[in-house]
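Here's the structure, in structure tokens; my notes come after.
Protein chains: 2
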Amino acid sequence: MTIQTAIAALATLLGDGLTRSKSDLDLHGRSESHFADCPPDAVVYPVDTAQVAAIVRTCAAHACPITAWGTGTSLEGHALAIHGGVVLDLSRMNRLLAVNAADMDCVVQPGLTRVALNTALRDTGLFFPVDPGADASLGGMAATRASGTTAVRYGTMRDNVMALQVVLPDGRIIRTGSRARKSSAGYDLTGLFVGAEGTLGIITELTLRLRGQPQATAAAVCAFPTVDDAVAAVTETIQMGVAMARIELLDTASVAAVNAHSGMSFSLQPHLLLEFHGSDAGVAEDAATFGEIAASHGGTGFDRATRTEDRNRLWKMRHDAYYAILASKPGHRAIVTDVCVPLSRLAQAVAETQADIAASPITGPILGHVGDGNFHAILLIDPDSAADRTAAEDLSHRMALRALAFGGTCTGEHGVGMGKLGYMADEHGPGWDVMRQIKAALDPDGIMNPGKVVRG
Amino acid sequence: MTIQTAIAALATLLGDGLTRSKSDLDLHGRSESHFADCPPDAVVYPVDTAQVAAIVRTCAAHACPITAWGTGTSLEGHALAIHGGVVLDLSRMNRLLAVNAADMDCVVQPGLTRVALNTALRDTGLFFPVDPGADASLGGMAATRASGTTAVRYGTMRDNVMALQVVLPDGRIIRTGSRARKSSAGYDLTGLFVGAEGTLGIITELTLRLRGQPQATAAAVCAFPTVDDAVAAVTETIQMGVAMARIELLDTASVAAVNAHSGMSFSLQPHLLLEFHGSDAGVAEDAATFGEIAASHGGTGFDRATRTEDRNRLWKMRHDAYYAILASKPGHRAIVTDVCVPLSRLAQAVAETQADIAASPITGPILGHVGDGNFHAILLIDPDSAADRTAAEDLSHRMALRALAFGGTCTGEHGVGMGKLGYMADEHGPGWDVMRQIKAALDPDGIMNPGKVVRG
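Residue numbers (my numbering), protein chains in the order written: chain L, 786 to 1241; chain H, 786 to 1241.
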């Protein structure tokens, strides 16, 4: 048994940095979503890059699968070791290695979480803007090309990772990118490893771009008669060049769930939640511009929140919306969809999805990052009901195909993982073969998170 | 002779879409920089993607090198067919295929130039922001990951290419990316082909991100006692969150050259040239903020230009600066350097470069995109003087090593081409081997722009 041989060698190498306790295996065999539990054969806890490289070399020698683990907050089962082997938990590599304030960048280990980073940066005048909601590890966020509420202004992990240190499947350690703001020096390896979901190597260090904490921040909420009206207001505002920092859509079903769970009292209509960053005057001007545009599209109850506690309550509510929706049907689990379409098709995509859900036996509130055209239906299923699961999977399937037909993608920010592998051929056509060729070139034995992103 | 066999087959395939006239070969054997002329064996002019694929399949069958050509404005000899074979001139594939105004994107053929695109977009309220100075083809700009004066605000081609159609070295046609604003659906193939300099395939279609034409635009100039003061003002302004659209540095020698060539009358000091985009109030506030910061760093003569003709004159002068510097020494050619360093090291990098140039027999004015840490020394050489060339190459060499020592890159925006291949090992270490593995996986016979980006 090659996996067992590898684990024996790793135990010698790592001592108590390797565990096979049932509780630890179980903990690293679960996901936040609906996938079946899948405990690995062992969990290793490296403390530095050299140890990661030694682990990878040992696994390579025995063809033992390695699956990296950050905080386990993936919604697509990325970190489940579906071919067995070891889960490489990076939580002990969680240091902030450097903050270069003048250059507005920092260097972190992959196990550091985004909230811990921003807490450490608080007094520097800088912050790291990417915010997927969960307090994910920065390595995991890079590996899944995460984004979230602020991508409309600050971009995704693709735009905010400047450089990486990566341990390759054969144990070589490379550095990609540099601390220069831009470069034309060859293939964009940083961009290749960001979003590769740990299938090409293990990220052991990240250089991240930081932003200046805005002088002023204002949040706002606004209700609309229809999703179409809300989207029209967003499109017009973006075209005016107003750089909103967040623009979140909650459909009526989502509003009902957060009202119940977070003690809010929104009217039962589609809502936009917004945030503006800038100077005092700039934020006031941006909010006023949006307010006028919103009113012309039937927006009502436009309300600005400039006090920190009000803003924090609003975004905590938004971040908790997934749990609010789960709580609305006790005992249910979620199949979370993640399509992203061109903005011009967003209203139609949401409307068709709502109609499809309404015609099904499933409850599925919708929320999304409307400035990017990215939205999620949270499809609630009774985990013991095969009928529920089938209905939800069918809905999810039609959403993905609809997004592709509209020129979009099956996953805007959650990644491929286990849930979207079936759409890669449809989405990429022969381009998926190119991904497979790259995988085969760098990981010929397929030991890095096998079964994810590419097949075979 | 396999190249001759390929050309015979291509002549049958293309008719007058292939030429071997001396004038055409000479035209496609020249570069804008100091590299020796290198005419190809033939030039082909495909009219559509299917024809590109047929050309590539024919060349693949005979192991004939293919080098793509846009407008020939590369400064690093990218488009020179140094191993012979065919140059594939994309100038007949220059159509704007679609403008999706609501989505703020467009689809273009690779031979369309950036000025032609912006002319076509004039009445849409949108524009394509990347501006390398030369009226380059958009395919060439993508292939070299070009940027230029506006990257500090709008990013480089990496940030503004959403999707590509590419003909692979075996003739397969793939599409990468989508029209969604973001995606986590697997490896970022778009990012891999952007900056690959035609070594992995031929870009035959690009989907580009557009921006709203700003409501207000203001340009400004400001003189500083030293480059250090100018850089300090820029750093402080960026940290304040002021989103300048352009921030260009001219050192005193560059100022002298543009005064003589463009009839300007700047004081003989380092200057910053700036542009602000936004609302009327936002632009006024940004300019005022910068003016205050500049004054605190010894900035003088701060002058805003809001009239279109004044702004256009300023940026025409900046774009002509390369030619102004060339004109300052008639009969000379330029070795253009392109280092990019973290902003905190920029002043030191410029100062050490200026001292190095002053101690040499070479004239070398410096200008740069100071918001990105990217600057160019235009090293003027008598093309008949071996001593000049050696001195300039030595200066260029020390600049590149200095940039790498400072955590930067040997090429911020011009690309590797022929001029920077010698620094790839230093800059990327074992990461360069990964580039070679990717090249070998996709182009095992090495027919795509051989001799560029990777070796062997």
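Note that the Cβ used here is the ideal one computed from N, Cα and C, for glycine as well.
Integer Cβ distance of residue i from residue j, believed to fall under 8 Å
i: Gly-777 of chain H; j: Val-1124 of chain H; result: The requested residue 777 of chain H is not part of the displayed model; chain H covers only 786 to 1241.
i: Ala-1008 of chain H; j: Gly-1084 of chain H; result: 7 Å
i: Ala-1106 of chain H; j: Leu-1152 of chain H; result: 6 Å
i: Ala-1072 of chain H; j: Ala-1003 of chain H; result: 5 Å
i: Lys-1205 of chain H; j: Glu-861 of chain H; result: 6 Å
i: Cys-823 of chain L; j: Ile-867 of chain L; result: 6 Å
i: Val-946 of chain L; j: Leu-993 of chain L; result: 6 Å
i: Met-1025 of chain L; j: Glu-1060 of chain L; result: Contact doesn't hold; Cβ gap of about 17 Å is too wide.
Own chain residues within Cβ distance below 6 Å of residue i, not counting five before or after
i: Gly-1197 of chain L; result: Asp-1123, Cys-1125, Asn-1159
i: Ala-886 of chain L; result: Thr-909
i: Thr-804 of chain H; result: Val-828
i: Val-832 of chain H; result: Arg-877
i: Asp-916 of chain L; result: Gly-933, Thr-934, Thr-935
i: Val-872 of chain L; result: His-813, Pro-825, Val-828, Thr-852, Trp-854, Ala-866
i: Arg-1221 of chain H; result: Val-1239
i: Arg-880 of chain H; result: Gln-894
Residue i - DSSP class collapsed to helix/strand/coil
i: Gly-1236 of chain H; result: coil
i: Glu-817 of chain H; result: coil
i: Thr-1138 of chain H; result: helix
i: Met-1029 of chain H; result: strand
i: Arg-930 of chain L; result: coil
i: Phe-1061 of chain L; result: strand
i: Thr-1194 of chain L; result: strand
i: Ser-1050 of chain L; result: coil
i: Thr-834 of chain L; result: helix
i: Leu-873 of chain H; result: strand
i: Arg-1183 of chain L; result: helix
i: Ile-1078 of chain H; result: helix
i: Thr-1020 of chain L; result: helix
i: Thr-1148 of chain L; result: strand
i: Ala-1001 of chain L; result: strand
i: Ala-864 of chain H; result: coil
i: Phe-913 of chain L; result: coil
i: Thr-898 of chain L; result: strand
i: Thr-984 of chain H; result: coil
Same chain only: Cβ atoms within 7 Å of residue i, ignoring 5 sequence neighbours per side
i: Arg-1183 of chain L; result: Asp-1141
i: Met-1102 of chain L; result: Val-1043, Ser-1047, Met-1049
i: Glu-1212 of chain H; result: Leu-1189, Thr-1194, Cys-1195
Cross-strand partners of residue i (DSSP beta bridge)
i: Cys-849 of chain H; result: For Cys-849 of chain H, which the question treats as bridged, DSSP gives no partner whatsoever.
i: Met-994 of chain H; result: Position check: residue 994 of chain H holds Arg in this sequence, whereas Met was assumed. For Arg-994 of chain H, which the question treats as bridged, DSSP gives the partners H:Asp-890.
i: Asp-1088 of chain L; result: L:Val-1006
i: Asn-885 of chain H; result: H:Asp-890
i: Phe-1160 of chain H; result: H:Val-1124, H:Gly-1153
i: Leu-1242 of chain H; result: Residue 1242 of chain H cannot be examined here, being either before or after the span of chain H that is shown, 786 to 1241.
i: Ala-796 of chain L; result: Its beta-bridge partners do not exist; DSSP assigns none.
i: His-1252 of chain H; result: Here chain H covers residues 786 to 1241 and nothing more, so residue 1252 of chain H does not appear.
i: Gln-950 of chain L; result: L:Arg-960, L:Glu-990
i: Arg-1118 of chain L; result: L:Ile-1166
i: Ala-905 of chain L; result: Its beta-bridge partners do not exist; DSSP assigns none.
i: Thr-804 of chain H; result: H:Val-828
i: Trp-777 of chain L; result: The structure shown does not extend to residue 777 of chain L, since chain L is modelled only from 786 through 1241, so no value can be given for it.
i: Ala-854 of chain H; result: Note that residue 854 of chain H corresponds to Trp in the displayed sequence, not to Ala. According to DSSP, which records beta bridges pairwise, Trp-854 of chain H is partnered with H:Asp-874.
Within chain C, partners of residue i - CB distance below 7 Å
i: Ile-1223 of chain L; result: Here chain C cannot be found, since the structure's protein chains are L and H.
Cut-off 8 Å between Cβ atoms - residues of its own chain near residue i, not counting five sequence neighbours on either side
i: Ala-1210 of chain L; result: Trp-1217
i: Pro-1127 of chain H; result: Gly-1158, Phe-1191, Gly-1192, Gly-1193
i: Ala-1041 of chain H; result: Leu-1053, Ser-1113, Pro-1150
i: Asp-1036 of chain H; result: Val-1012, Pro-1055, Val-1135, Gln-1139, Pro-1150, Ile-1151, Leu-1152
i: Ala-1017 of chain H; result: His-1082, Ala-1132
**Prompt:** Is it true that the stretch 1131-1149 of chain H meets the stretch 1008-1017 of chain H, where meeting means three or more beta-carbon pairs spaced less than 8 Å apart?
**Reply:** Yes, since at least three Cβ pairs between the stretch 1131-1149 of chain H and the stretch 1008-1017 of chain H fall closer than 8 Å, the two stretches touch.
**Asked** At a cut of 8 Å, does the stretch 843-856 of chain H reach the stretch 786-793 of chain H through at least three beta carbon pairs?
**Response** Cβ pair count under 8 Å is three or more, so yes.
**Request:** Could you tell me whether the stretch 967-986 of chain H touches the stretch 963-973 of chain L, using the rule of 3 or more Cβ pairs below 8 Å?
**Result:** The stretch 967-986 of chain H, when compared against the stretch 963-973 of chain L, does touch it at the 8 Å Cβ threshold.
**Message:** With a threshold of 8 Å, are at least 3 pairs of Cβ atoms found where one atom belongs to the stretch 947-964 of chain L and the other to the stretch 867-882 of chain L?
**Reply:** With the cut-off at 8 Å, the stretch 947-964 of chain L and the stretch 867-882 of chain L do not touch.
**Prompt:** Per the contact definition of three or more C-beta pairs closer than 8 Å, is the stretch 911-923 of chain L in contact with the stretch 888-899 of chain L?
**Reply:** Between the stretch 888-899 of chain L and the stretch 911-923 of chain L, the count of C-beta pairs closer than 8 Å reaches three or more; the two stretches touch.
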